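For the record, in the sequence shown the residue sitting at position 87 is 87 according to UniProt numbering, with numbers rising by one throughout.
Backbone N, C-alpha and C define an ideal beta-carbon position, used for all residues, glycine too.
From a predicted model like this one, the values you see are computed outputs, not experimental measurements.
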Amino acid sequence: VIATVGNIKKVEYLKSIGVKFVSSSRDYAKFSQDMECFMSELNIDGVDVVINSLVGEFIPLSMKFLKKNGTFIELGKREILSESQVREIKTDINYHTVEFDKMVENDTVWFQNLLQEIMIDITEGKIQPIPTKVFSIQDKSGIIDGFRYIQHANHIGKVILSNPSTAICSYSKDAYIITGGMGSLGLVIANWLVEEGTKNIILIGRNSIDFQNEFAIKLLELSEKKKVNLEMLKCNICDLTSLFNIINKIKRKYNIRAIIHAAGV
């Protein structure tokens, strides 16, 4: 993997997660020089695939470093090349444009399934989420601060404008039950419910909560700040007698709005 970024902070971040070869996305002369060095060190005559969102001289330079029958994937919206323009630069490569926004629009089911797969991989620790910086729309200067932050072009990952909803629970006695609530998936769902305005959440599970889990830490912090009333009840949901006893106990205290099944059984 060879990556390009715009400043030293981003270079350091990429190297910290194991990307050894990093060059500039702003200085095409440095990019060209670095690529020659990288390929010499790797003892290769070119790269197999270029995934591009840059413009200007970076496009023909990147094509130059593709090996024979290599593939150039254009993600950007500007400077889309015709077949003849590509052939003028290099004749023995494949050129494809990918309009990801159109792919999502044309196949929402595929995109939903993709997001679900990513979420599961993150909760199981198979992949790590990219860094995020969140600004709340409900804060007086949240939107302005968010766009100013982007304007500086120093951010790593994604900048998010958050607009928590309060519509999901209209009554203070409304509660949501999550079975398998102590597990990673249950904790992710619980955090989402809090963001949507849920005031009462009951986690049911046969195992104890993992207090090192980042979603558990966040949820407990919200509970301590009185942002949510959180209850954790131990129960093996395969034991129907115990389960019904707990449900009846909860019903005496709350109006059960929904039960979300996140257990593995």
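Alpha-carbon to alpha-carbon, residue j and residue i
i           : j           : result
residue 237 : residue 65  : 58 angstroms
residue 200 : residue 175 : 5 angstroms
residue 204 : residue 259 : 10 angstroms
residue 181 : residue 54  : 44 angstroms
residue 32  : residue 17  : 24 angstroms
residue 46  : residue 67  : 4 angstroms
residue 167 : residue 256 : Residue placement at residue 167 is poorly supported in this model, since its pLDDT is 49, which falls under 50; the coordinates are not used for a value here.
residue 214 : residue 163 : 21 angstroms
residue 118 : residue 130 : 12 angstroms
residue 1   : residue 71  : 15 angstroms
residue 240 : residue 155 : 50 angstroms
residue 112 : residue 103 : 12 angstroms
residue 251 : residue 173 : 10 angstroms
residue 249 : residue 225 : 26 angstroms
residue 196 : residue 99  : 31 angstroms
residue 77  : residue 59  : 13 angstroms
residue 121 : residue 191 : 17 angstroms
residue 149 : residue 157 : 12 angstroms
residue 153 : residue 20  : 22 angstroms
Close-in-space but distant-in-sequence residues of the same chain around residue i (CB under 8 angstroms, 5 per side omitted)
i           : result
residue 194 : 201, 219, 222, 227 and 228
residue 24  : 4, 5, 6, 30, 31 and 34
residue 11  : 5 and 22
residue 84  : none
residue 151 : none
residue 211 : 217 and 220
residue 254 : 173, 174, 175, 200 and 202
Where the beta strand (DSSP E) containing residue i begins and where it ends
i           : result
residue 94  : 94-97
residue 132 : 132-136
residue 257 : 255-261
residue 70  : 66-74
residue 30  : Element bounds for residue 30: not the beta strand (DSSP E) but the alpha helix (DSSP H), 28-42.
residue 163 : First-last for residue 163: undefined, no H or E at that position.
residue 50  : 47-52
Beta bridge counterpart(s) of residue i as assigned by DSSP
i           : result
residue 202 : 177 and 231
residue 23  : 4
residue 159 : 133
Residue j beta carbon less than 8 angstroms from that of residue i
i           : j           : result
residue 28  : residue 56  : yes
residue 160 : residue 188 : no
residue 106 : residue 73  : no
residue 44  : residue 63  : no
residue 217 : residue 233 : no
residue 80  : residue 97  : yes
residue 178 : residue 186 : yes
residue 144 : residue 137 : no
residue 132 : residue 184 : no
Contacting residues, own chain, Cβ-Cβ under 7 angstroms from residue i (five flanking each side not counted)
i           : result
residue 8   : none
residue 207 : 182
residue 49  : 70, 71 and 73
residue 242 : 235 and 236
Boundaries (first-last residue) of the alpha helix (DSSP H) holding residue i
i           : result
residue 266 : In the structure displayed, the chain extends from 1 to 265; residue 266 sits before or after that span and is not available.
residue 145 : 142-151
residue 86  : 83-89
residue 186 : 184-195
residue 223 : 214-224
CB contact check: residue i to chain B, cutoff 8 angstroms
i          : result
residue 44 : In the displayed structure, chain B is absent; only one protein chain is listed.
Contacts around residue i, its chain only, beta-carbon distance under 6 angstroms, and the 5 residues preceding and following it disregarded
i           : result
residue 75  : 53 and 98
residue 95  : 72 and 86
residue 231 : 202
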